[in-house]
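Numbering (my numbering), first residue to last: 1 to 204.
So this is what it looks like as structure tokens:
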């Protein structure tokens, strides 16, 4: 009983802080947000509110200020009708290319701070070495966000990547990870030098 009352007070205090935040400043929406589905969890254990869409940034800000959600989510996919209640009726148009870097997937031990710093280094390497460097993705088409746990999400909004299918996305991920590479093909001919781009330079 006492524990439940304490949790209720903490939730009420947290909701007041969120309400103050949402009312004092507009939350920047993600790129092309009118084509995304939004979902929210509310205070009070009311479950998840899904299949919402917003036509303007002010409409989104008003919703946040009035409903004061505990958590907010948006789809990485774009839809013709993002507010349609059935997924089959939304009309898929494409999706961001997303890389999820998490300490739990790295197979290493250490403190929370040590693992987070290691994931941070891997995220910087992914962005600068592969995405900006080799793939030539414009910097303003990238968004790096903290996952809220022990890692980072890297979102790519570049138009030419939005329509990629699962096989193409898998090929990009495998290349970045260095999986399923053919060393004989990479090292064919002259020996690689550290100044070369791609995996030849990395294997030099």
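No residue lacks a Cβ here, since even glycine has one placed at the ideal position from N, Cα and C.
No experiment lies behind these values; they were computed from the predicted model shown.
Alpha-carbon to alpha-carbon, residue 87 and residue 135: Residue mapping note: residue 135 aligns to position 135 of the chain shown, counting from 1. Residue mapping note: residue 87 aligns to position 87 of the chain shown, counting from 1. About 32 Å.
Expressed to the nearest angstrom, what Euclidean distance is found between the alpha-carbon atoms of residue 126 and residue 111? One-based indexing of the chain shown puts residue 126 at position 126. One-based indexing of the chain shown puts residue 111 at position 111. Straight-line Cα distance between these residues: approximately 23 Å.
Exposed unless 16 or more other CB atoms sit within 10 angstroms - verdict on residue 82: Position 82 of the chain shown, counting from 1, holds the residue named residue 82. Answer is buried; the Cβ neighbour count reaches 16.
State yes or no: is the C-beta of residue 131 within less than 8 Å of the C-beta of residue 119? Locating residue 131 in the chain shown gives position 131, counting from the first residue. Locating residue 119 in the chain shown gives position 119, counting from the first residue. Their beta carbons are not under 8 Å apart, which means residue 131 does not touch residue 119 by this criterion.
Can you tell me whether residue 125 is helix, strand or coil according to DSSP? In the chain shown, residue 125 corresponds to position 125, counting from 1. Three-state result, residue 125: helix.
Can you tell me the Cα-Cα spacing of residue 64 and residue 98, whole angstroms? Stepping through the chain shown from its first residue, residue 64 is reached at position 64. Stepping through the chain shown from its first residue, residue 98 is reached at position 98. Rounded to the nearest angstrom, the two C-alpha atoms are 25 Å apart.
Roughly how many angstroms separate the alpha carbons of residue 18 and residue 139, rounded to a whole number? Residue 18 sits at position 18 when you count from the first residue of the chain shown. Residue 139 sits at position 139 when you count from the first residue of the chain shown. Between residue 18 and residue 139, the C-alpha separation is close to 31 Å.
Please state whether DSSP places residue 184 in a helix, a strand or coil. Here residue 184 refers to the residue found at position 184 when the chain shown is read from its first residue. Of the three classes helix, strand and coil, the one that applies to residue 184 here is helix, per DSSP.
Excluding sequence positions up to five away, which residues of its chain have a Cβ less than 6 Å from the Cβ of residue 162? By one-based count along the chain shown, residue 162 stands at place 162. The answer, listed in chain order, is 94.
Roughly how many angstroms lie between the CA atoms of residue 185 and residue 199, to the nearest whole one? The residue you call residue 185 lines up with position 185 of the chain shown. The residue you call residue 199 lines up with position 199 of the chain shown. For residue 185 and residue 199, the distance between alpha carbons rounds to 11 Å.
Start and end of the alpha helix (DSSP H) containing residue 166? In the chain shown, residue 166 corresponds to position 166, counting from 1. Counting along the chain, the alpha helix (DSSP H) containing residue 166 begins and ends at 166-177.
Would you say residue 99 faces chain C, with C-beta separation under 8 Å as the test? Although the question refers to chain C, the structure presented lacks it and comprises just one protein chain.
Who are the near neighbours of residue 32 in its chain, counting only those whose CB is closer than 8 Å to its CB and skipping five residues on each side? Counting from one through the chain shown, the residue named residue 32 turns up at place 32. Same-chain partners within the cutoff: 78 and 157.
With a cut-off of 8 Å, do at least 3 Cβ pairs link the stretch 52-71 to the stretch 28-44? yes
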